[in-house]
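Engineer: One structure, pasted below without further comment.
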């Protein structure tokens, strides 16, 4: 047993012991004659000192016992117990044949764009990756009904905004319709209500409605058109589930949510028909409770009244039970079409093993508690083991007790799974030398082999998530070379907040999984240091954020730290408690697996997430810290996006004349085009892309740009460009799609494309889908980019029209000076360059060329402006018919975007098509 004392107490105790030693020596010498006169005085002093020492020792010992007792009392211990017999545990299956006629999509109808409940519903659907569509119907018009002046009726005028198309051929487009305000459905105009109800009956689609808070209190008011009465603005407590309800799937009944329910505006239901079955009951809070009466607060309409099943909520999603109940309602009402998995994989990482200041590290009894808790968790999650991340440099850097804790960990090395940190726990993004990182990792690898720690987990976590995202390329390279890392995790992709939007990606064949936080950080070593104390932590565990994190994520990798398992051992308390709570309240099956297996499962569930989406690290404060010291000024301010064969190379050349405009460095494979967003170059990462742009120094400013004509029709390009360059401006050139298609065909012939050499242009563009694949590919390259409106609409999903500039390709060719003046104005280029002295028409080439200092012109290469025979008349007519609908759609789009100009060729082609 060690008694902890302050330095002050240690100092005085040392003096007292020294004084007692002197007294003892004096007593032993008292027989000497020359001390005879001091004999009795010395003995008395020594006896007094001995008495004082005994009293002080007793005081220190009692103080230690009090401290120990207080520490044990303050350390929280799991107390959650299930009250459901194992025989009651079941997994309901909502699937039926009716689901085959409807798509797995939810239509969410909200009253106003700023509806808080509407936002919460949408966020919950996103969290659980449930497809949805939002319909905003506008503010309600409130009027009094003559039948009951005490009741406010909400008549929703949707005549100007009808319901969306509900069917696609013989399939229903939506499995469930959710209203954030039940009155929006009840008082919907007759036409839309009739359409919606018929759709629900024909396709077996259900409806969910929520009580919308209202200042006016209703008492026994009938819900218009239904045998149902409601009471509003009540305070309730003690919610309990109906164990007999077929709706419950995720939720397991049998327990009670004790205490007051959140909010004071609850609605309770009084049914007057057998079609209604309670899903949740609660008790009204009253000043004088003579009797306790359960009131239905969530109701299941089984459909026997009018053929439509509904679930009606007496309050919103502030109450955690409602969030899970909404998922169950969606599953039941969609006939199992919208059902989340009931399997949850749990991995708990303990970072920073052997790292930490003295007084925060693990001791022997902490390690023993870790092992004991692990055994209890294994009864909930078979095969569960804590996953320990270590930095070997700091082994045995604690107190004697803490060093003993290090030893106990290594004596039980086989009881845990292990992964590597950096040897010195440093942040990899601060280093640009891969050899240095490999050396550091090698030291940790050698430490692991020396102490019997497994080195084949294929998993690693970077300290502070440094270099994982935003990506530091040499970290991935070093990981592969030293540890053969196959999977890692981070909480930073795409951003730390909101947590529900965290996703995974794959880079350099390393699977990067989303990592979750639990509210415990390195400084959270005692319950007093937890923000809000024990009450807030328990709130997170019992239905709050941590509980919902487990429920809504099929794969959970939690980040904790070694310090969370010493002192008050909050890590042990938190996870054992939340896992018990999940077991009590849900039918979820809790499982565990190795990190590599979790990575494989994750990307099997979400294959689309394998493709990364690079964001701009300079727009996120946390990412900027990880990105530093890399620059933020090596990204383009605008892009020339194409399409091909419209004059993009000429525009690229003209822009490069401006002294304040700088293009990217050439690409060895694709010449002046980087083609980053449209191909495999995207997977080379952000550092690779930025290497094509100069780093600006000494306060100089240049307008950086790049031109890649393949961007225009690329399906993934707008989303990728928006993620990295949300404020960039986009420039596109549109020419006659007919002429563009013919120009591409001639381009293919000039470059030796065998299909272009073997087939005429007419044969290429009229080829059907049974033609050879190479011929179909050439046909598509000729025709597809010319569907201008289709591609522009895709860009408008990600960029506002104000950031897009449309150039008339014919004007660029005939009057490039005016085009460049207008473009500089759009790009806010200052100072503006007078291109009238920079460009001159070359009669031989047939287009404008750059004027050099020698007054001679420098024109584009021989491949530009080549002459070829006229297009066949039958092919011209075919293409005019082919592009008529696309040109018409383009004209409508340009009219909608009023500040976009109309290309002259578009008017001519539409007029010519109309005349024929």
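In our numbering, the protein residues as written are 1054 to 1969. Backbone N, C-alpha and C fix where the C-beta goes; we use that ideal spot for every residue, glycine too. All values derive from a computational prediction rather than experimental measurement.
1) Kindly indicate the opening and closing residues of the beta strand (DSSP E) around residue 1349.
2) Can you give me the Cβ contacts of residue 1275 inside the same chain, cut-off strictly under 6 Å, excluding the 5 residues immediately before and after it?
3) Among all the DSSP beta bridges, which residues are the ones paired with residue 1609?
4) Among the candidates 1766, 1824, 1500, whose CA atom is the shortest distance from the CA of residue 1839?
5) Nearest to residue 1383 by CA position, among 1329, 1303, 1544, is which residue?
6) Check the DSSP bridge columns for residue 1560 and list the partner residues they point to.
7) Pull up the CB-CB distance for residue 1261 and residue 1279, whole angstroms please, since I reckon it's below 8 Å.
8) Let's test the definition: count the other Cβ atoms within 10 Å of the Cβ of residue 1685 and tell me whether it reaches 16, buried, or not, exposed.
9) Select from 1578, 1533, 1602 the residue whose C-alpha is nearest the C-alpha of residue 1616.
10) Compute the Euclidean distance between the alpha carbons of residue 1507 and residue 1421, then round it to the nearest angstrom.
11) Would you check if there are 3 or more beta carbon pairs closer than 8 Å linking the stretch 1713–1723 to the stretch 1650–1658?
12) Considering residue 1287, what are the terminal residues of the beta strand (DSSP E) in which it resides?
13) Take residue 1735 as the anchor and find which of 1643, 1549, 1773, 1182 has the nearest alpha-carbon.
14) If residue 1559 and residue 1668 are in contact, beta carbons under 8 Å, what's the gap, nearest whole angstrom?
15) Measure the C-alpha to C-alpha separation of residue 1523 and residue 1670 and round it to an integer number of angstroms.
16) By Cβ distance, which residues of its chain are closer than 8 Å to residue 1311, with the 5 residues on each side in sequence left out?
17) If you follow the beta strand (DSSP E) that residue 1716 is part of, which residue opens it and which one closes it?
18) Taking only the alpha-carbon atoms, compute the straight-line gap between residue 1184 and residue 1546 and give it to the nearest angstrom.
19) Which residue or residues does DSSP assign as beta-bridge partners of residue 1900?
20) Put residue 1569 into one of helix, strand or coil per three-state DSSP.
21) Should residue 1698 be labelled buried (16 or more other beta-carbon atoms within 10 Å of its own) or exposed?
22) By a C-beta neighbour count over all protein chains shown, 10 Å radius and 16 as the cutoff for buried, is residue 1512 buried or exposed?
23) With DSSP as the reference, label residue 1135 as helix, strand or coil.
24) For a test of the three-state rule: what should DSSP assign to residue 1820, helix, strand or coil?
25) Between which two residues does the alpha helix (DSSP H) holding residue 1472 run?
26) Here's a check: name, in chain order, each residue in its chain whose Cβ is nearer than 8 Å to the Cβ of residue 1875, leaving out the five neighbours to either side.
27) Helix, strand or coil: how does DSSP classify residue 1871 here?
28) Helix, strand or coil for residue 1153, going by three-state DSSP, please let me know.
29) Any idea what DSSP makes of residue 1640, helix, strand or coil?
30) Taking only the alpha-carbon atoms, compute the straight-line gap between residue 1869 and residue 1263 and give it to the nearest angstrom.
31) Going by the beta-carbon positions, is the gap between residue 1475 and residue 1444 smaller than 8 Å?
32) Please determine if the stretch 1783–1795 and the stretch 1691–1709 are in contact, where contact requires at least 3 C-beta pairs separated by less than 8 Å.
33) Thinking C-beta only, is residue 1594 closer than 8 Å to residue 1630?
34) Between residue 1132 and the ligand HEM, is the CB less than 7 Å from at least one heavy atom?
35) If you count every other CB in all the chains shown that lies within 10 Å of the CB of residue 1340, and 16 or more means buried, which is it?
36) As an exercise, report each continuous alpha helix (DSSP H) stretch of at least 4 residues that is fully enclosed by the stretch 1644–1689, in chain order.
Structural biologist: Per the coordinate set shown:
1) In the chain shown, counting from the first residue as 1, residue 1349 sits at position 296. Its beta strand (DSSP E) spans residues 1347–1354.
2) Locating residue 1275 in the chain shown gives position 222, where the first residue counts as 1. Correct list, in chain order: 1282.
3) For the purposes of this step, residue 1609 is identified with residue 556 of the chain shown, where counting begins at 1. Looking at the DSSP assignment, residue 1609 forms a beta bridge with 1399.
4) Translated into the one-based positions of the chain shown, residue 1839 becomes position 786. Among 1766, 1824, 1500, the Cα nearest to that of residue 1839 is on 1766.
5) Indexing the chain shown from 1 puts residue 1383 at position 330. Out of 1329, 1303, 1544, 1303 has the C-alpha closest to the C-alpha of residue 1383.
6) Your numbering for residue 1560 matches position 507 in the chain shown. For residue 1560, which the question treats as bridged, DSSP gives the partners 1563.
7) Translated into positions along the chain shown, residue 1261 becomes position 208. Translated into positions along the chain shown, residue 1279 becomes position 226. Their Cβ separation, rounded to whole angstroms, is 15 Å, which puts residue 1261 and residue 1279 out of contact at 8 Å.
8) Position 632 of the chain shown holds residue 1685. Exposed, because fewer than 16 other Cβ atoms sit within 10 Å of the Cβ of residue 1685.
9) Mapped onto the chain shown, residue 1616 falls at position 563. Between residue 1616 and the set 1578, 1533, 1602, the nearest pair of CA atoms involves 1578.
10) Taking the chain shown and counting its residues from 1, the one referred to as residue 1507 is at position 454. Taking the chain shown and counting its residues from 1, the one referred to as residue 1421 is at position 368. Taking the CA atoms as reference points, residue 1507 sits about 21 Å from residue 1421.
11) No, the stretch 1713–1723 does not touch the stretch 1650–1658.
12) Counted from its first residue, the chain shown places residue 1287 at position 234. 1281–1287 is the span of the beta strand (DSSP E), which, as asked, contains residue 1287.
13) For this step, residue 1735 is matched to residue 682 along the chain shown. Of the listed residues, the one whose Cα sits closest to residue 1735 is 1773.
14) Start at 1 with the first residue of the chain shown, and residue 1559 comes out as number 506. Start at 1 with the first residue of the chain shown, and residue 1668 comes out as number 615. That pair is no contact at about 16 Å.
15) Along the chain shown, read from residue 1 onward, the residue named residue 1523 stands at position 470. Along the chain shown, read from residue 1 onward, the residue named residue 1670 stands at position 617. So the alpha carbons of these two residues sit roughly 6 Å apart.
16) On the chain shown, residue 1311 is found 258 positions in, with the first residue counted as 1. Taken in chain order, the residues that qualify are 1290, 1291.
17) By 1-based counting over the chain shown, the position of residue 1716 is 663. Where residue 1716 is concerned, the enclosing beta strand (DSSP E) stretches over 1714–1716.
18) Translated into positions along the chain shown, residue 1184 becomes position 131. Translated into positions along the chain shown, residue 1546 becomes position 493. Rounded to the nearest whole angstrom, the C-alpha separation of residue 1184 and residue 1546 is 21 Å.
19) By one-based count along the chain shown, residue 1900 stands at place 847. Looking at the DSSP output, residue 1900 sits in a beta bridge with 1895.
20) Here residue 1569 refers to the residue found at position 516 when the chain shown is read from its first residue. Reduced to three states, the DSSP call for residue 1569 is strand.
21) For this step, residue 1698 is matched to residue 645 along the chain shown. Residue burial annotation: residue 1698 is buried, with at least 16 other C-beta atoms found within 10 angstroms of its C-beta.
22) As a first step, residue 1512 must be located in the chain shown, where it is residue number 459. That one is buried.
23) Walking along the chain shown from the start, residue 1135 turns up at place 82. If DSSP states are grouped into helix, strand and coil, residue 1135 belongs with coil.
24) Working through the chain shown from its first residue, we reach residue 1820 at position 767. Looking at residue 1820 - three-state DSSP - the assignment turns out to be coil, as it is neither helix nor strand.
25) What you label residue 1472 is simply residue 419 of the chain shown in a count that begins at 1. Not the alpha helix (DSSP H): residue 1472 falls in the beta strand (DSSP E), residues 1470–1473.
26) By one-based count along the chain shown, residue 1875 stands at place 822. Same-chain partners within the cutoff: there are none.
27) Locating residue 1871 in the chain shown gives position 818, where the first residue counts as 1. Note: residue 1871 maps to helix in three-state DSSP.
28) As a working note, residue 1153 is residue 100 in the chain shown. Per DSSP, reduced to three states, the secondary structure at residue 1153 is helical.
29) Within the chain shown, numbered from 1, the residue matching residue 1640 stands at position 587. It is coil, neither helix nor strand.
30) In the chain shown, residue 1869 corresponds to position 816, counting from 1. In the chain shown, residue 1263 corresponds to position 210, counting from 1. Taking the straight line from one Cα to the other gives about 60 Å.
31) Within the chain shown, the letter at position 422 stands for residue 1475. Within the chain shown, the letter at position 391 stands for residue 1444. Closer than 8 Å, so yes.
32) Three or more pairs of CB atoms, one per stretch, sit closer than 8 Å, so the stretch 1783–1795 contacts the stretch 1691–1709.
33) On the chain shown, position 577 is the one that residue 1630 refers to. On the chain shown, position 541 is the one that residue 1594 refers to. Against a cut-off of 8 Å, the Cβ pair of residue 1594 and residue 1630 comes out as a contact.
34) This structure does not include the ligand HEM; it has no bound ligands of any sort.
35) Here residue 1340 corresponds to residue number 287 of the chain shown, with the count starting at 1. Exposed is the call here.
36) With a minimum length of 4 residues, the continuous alpha helix (DSSP H) runs that stay inside the stretch 1644–1689 are 1648–1658, 1674–1680.
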